[in-house]
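In the numbering used here, the protein residues as written are 2 to 597. Just so you know, even glycine gets a beta-carbon here, dropped at the ideal spot from N, CA and C. Structure first, commentary second.
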């Protein structure tokens, strides 16, 4: 026999957990105490400034380690984590949320007398009902004898679905006795219960690409989530080995899948947004795009449905080949069948597609390129990213936030596999700063380089204090333009146009007041948080700080990069003149002057 707290501890150790994140509360204390009492436990308990920072750190940690864990207290802590767990659910990141809850006695008193204890609403199921829609499994544990089955069920669901799970355990149950763990946990069945269509899906894929002849691969995020990068490269090699054309097959990535394969690979063509117009430009009338583990999320496809007779999409345990759909296909099996069928082909004549000049326009210059810009001129998005592209090396992991930073970062060449992290589907602002903590702890031999806008930085700036407390050497570049730039662009891009359209109304001609930020002295935050704070206003200062960072590998840095208010990445500047904001759709003169 053992205790419920010890049971959960042993299962997490078995799954390889070495670091926990969270904010302490009395309802989870018995579990944390059990870990502390065992000096041989590999699990380290780390605190965070708040639940958002803890949740984002656990998510980023799990992307590299295969499991993350975050602990909170009932309701007041758990409610703050809903956003982070929803992001892990959408982006298939295995995180265990451990929520301590009031005792059974306290629940009974509340139910029968109406007395409210700390952190309670009076509805005993409020927390678990909140998390059920955004977890692979959610369990409320109030009986010690049932605890082993509930814990094992949830953790097995996490391993099977690669998504977060929720465990809510009453405070008086933690130290109660239960059976010791039996056997080891594994991923469900590991395969679809139904008969797999992998073979016929692979045959349909080859039939379509041989008919189209012009082929481009799209390396997707599931290659990284399920550890299938090497199989993807094996398929790429097989296609080129058995191809008699003099144009080798190439591949691209997108915002969500950037760096799932090293961008120094000779077949890599670029990180692109695969909108309908881009896809047409790429494959034409007789070409085919094959997405391997790629998701058609908003940021990757510009919020457009790109499925057509020119696309094959293998993801989400299914394959869509043109107009045909095969719903019972594991990506692992599909890759095996594709490699097998290609190697059986005596010869194929497929032409590899390449990005043309217009699509490569915003790709970063090679690392050997020497920046030829004024060192005293103001920094902008493009000069920052060009400089980053030549400064970052294989020992760095670039972590970027949603909005303009994510758009601009697509041009930065990433040599290391899995050297780029972004929450490019859920797109919660502030993710990158908290994620920098998890990236650093999961990769002690690497350095996390975070790029975030000042609006997003306001959300989770306290993570800089976490990074200093953990002894990490994280670097956080805050692009400070004083506004929520991406929000302004979506509603009314007029201030970013060159020249702006004259609406005869100052409200539409300028950045909206609600998109302007308080004037923080960002570089001075390290006076309280710890670390080194720097402020740069021109390229020369930026290069000097980057040199200092390289010369100081054991410290964390916070760098405030001041850019003009309406500064945007080149890709946005190109689109701004043709973009139509939400406030411009119905009436280009809305809102009329003097009507407020």
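- Tell whether a beta-carbon distance below 8 Å holds between residue 171 and residue 143. Contact flag set, yes.
- Query: In chain order, what residues of the same chain lie with their CB nearer than 6 Å to the CB of residue 420, ignoring the 5 residues before and after it?
  - Reply: Correct list, in chain order: 260, 398.
- Query: Do the stretch 520-533 and the stretch 552-564 meet, that is, are 3 or more Cβ pairs less than 8 Å apart?
  - Reply: Look at the beta carbons and you see the stretch 520-533 touching the stretch 552-564: at least three pairs across the two are nearer than 8 Å.
- Query: For residue 433, does the three-state DSSP call read helix, strand or coil?
  - Reply: In this structure, DSSP gives residue 433 a helical state, which the three-state scheme calls helix.
- Using alpha carbons as the reference points, say which of 440, 140, 455, 271 lies closest to residue 449. Closest by alpha carbon: 440.
- Message: Going by DSSP in three states, residue 254 sits in which element: helix, strand or coil?
- Response: Secondary structure of residue 254 (DSSP, three-state): strand.
- Taking residue 385 as the reference, which of 406, 396, 394, 486 has the closest Cα? For the residues 406, 396, 394, 486, the minimum Cα distance to residue 385 belongs to 406.
- Message: Between which residues of its own chain and residue 452 is the CB-CB distance below 6 Å, once the five residues before and five after are set aside?
- Response: Excluding residues within five positions, the ones whose Cβ falls inside 6 Å are 401, 406, 478.
- Item | Length of the line joining the Cα atoms of residue 341 and residue 208 | Taking the straight line joining both Cα atoms gives about 14 Å.
- Give the range of the beta strand (DSSP E) segment to which residue 171 is assigned. Unbroken beta strand (DSSP E) run through residue 171: 166-171.
- Query: residue 329 to residue 184, Cα distance in whole Å?
  - Reply: One C-alpha to the other measures close to 29 Å.
- Message: By the DSSP assignment, the beta strand (DSSP E) with residue 219 in it spans what residues?
- Response: It spans 215-220 - the beta strand (DSSP E) in which residue 219 sits, taken as one unbroken run.
- To the nearest angstrom, report how far apart residue 43 and residue 344 are at their CA atoms. Near 45 Å, if we compare the C-alpha coordinates of residue 344 and residue 43.
- If you draw a straight line from the C-alpha of residue 415 to the C-alpha of residue 126, how long is it? Using only the alpha carbons, I get a separation of about 45 Å.
- Query: Between which two residues does the beta strand (DSSP E) containing residue 141 stretch?
  - Reply: Following the DSSP letters along the chain, one finds residue 141 inside the beta strand (DSSP E) bounded by residues 138-142.
- Item | Residue closest to residue 201, alpha-carbon to alpha-carbon, out of 47, 326, 95 | Among 47, 326, 95, the Cα nearest to that of residue 201 belongs to 326.
- CA nearest to the CA of residue 120, picked from 573, 572, 74: Checked all of 573, 572, 74; the closest Cα to residue 120 is 74.
- Have a look at residue 10 and residue 409 and give me their C-alpha separation to the nearest angstrom. Cα to Cα, the separation comes out at about 42 Å.
- residue 299 versus residue 249 - alpha carbon distance: Cα atoms of residue 299 and residue 249: separation of roughly 29 Å, rounded to the nearest angstrom.
- Using a threshold of 8 Å, state whether the C-beta atoms of residue 233 and residue 354 are closer than that. Not closer than 8 Å, so no.
- Taking DSSP as the reference, what is the three-state secondary structure of residue 363? With a pLDDT of only 44 at residue 363, under the threshold of 50, the placement of this residue in the model should not be trusted, and no figure is reported.
- Task: Under 8 Å by Cβ, that's how I've got residue 25 and residue 175 pegged, so tell me the actual separation to the nearest angstrom.
- Result: Contact between residue 25 and residue 175 is ruled out by a C-beta separation of about 14 Å, above the 8 Å threshold.
- Message: Out of 546, 461, 263, which one is the CA nearest neighbour of residue 526?
- Response: Distance check between residue 526 and each of 546, 461, 263 places 461 closest, using alpha-carbon atoms only.
- Query: Considering only C-alpha positions, which residue in the set 467, 536, 436, 392 is nearest to residue 552?
  - Reply: When only C-alpha atoms are compared, the closest one is 392.
- When burial is assigned at 16 or more other CB atoms within 10 Å of the CB, is residue 213 buried or exposed? Under this definition residue 213 is a buried residue.
- Message: Comparing C-alpha positions only, which one of 324, 458, 285 sits nearest to residue 310?
- Response: Across the set 324, 458, 285, the C-alpha of 324 shows the shortest separation from the C-alpha of residue 310.
- Query: Can you give the Cα-Cα distance for residue 31 and residue 543, rounded to whole angstroms?
  - Reply: Answer to the nearest angstrom: the Cα atoms are 48 Å apart.
- Pull up the CB-CB distance for residue 17 and residue 71, whole angstroms please, since I reckon it's below 8 Å. About 16 Å; that fails the 8 Å criterion.
- Item | Cβ neighbours of residue 376 in the same chain (closer than 6 Å, five flanking residues each side left out) | Excluding residues within five positions, the ones whose Cβ falls inside 6 Å are 540, 541.
- Message: For the pair the stretch 127-143 and the stretch 83-103, tell me if three or more CB-CB distances fall below 8 Å.
- Response: These segments touch.
- Message: Using a Cβ-Cβ cutoff of less than 7 Å, which residues in the same chain neighbour residue 93 once the five nearest sequence positions on both sides are dropped?
- Response: Once the five neighbours on either side are set aside, the close Cβ partners of residue 93 are 163, 164, 226.
- From what residue to what residue does the beta strand (DSSP E) around residue 462 run? No beta strand (DSSP E) contains residue 462, which DSSP labels as neither H nor E.
- Message: What would DSSP say about residue 447, mapped onto helix, strand or coil?
- Response: In the structure shown, residue 447 adopts coil according to DSSP, grouped into three states.
- Message: Considering just the uninterrupted stretch of the alpha helix (DSSP H) at residue 36, what are its terminal residues?
- Response: Note, residue 36: alpha helix (DSSP H), 30-37.
- Message: Let me check understanding here. Comparing Cα to Cα, which of 136, 178, 350 lies closest to residue 211?
- Response: With distances taken between Cα atoms, residue 211 lies closest to 350.
- Query: For residue 2, does the count of other Cβ atoms within 10 angstroms reach 16, so buried, or fall short, so exposed?
  - Reply: Its Cβ having fewer than 16 others within 10 Å, residue 2 is exposed.
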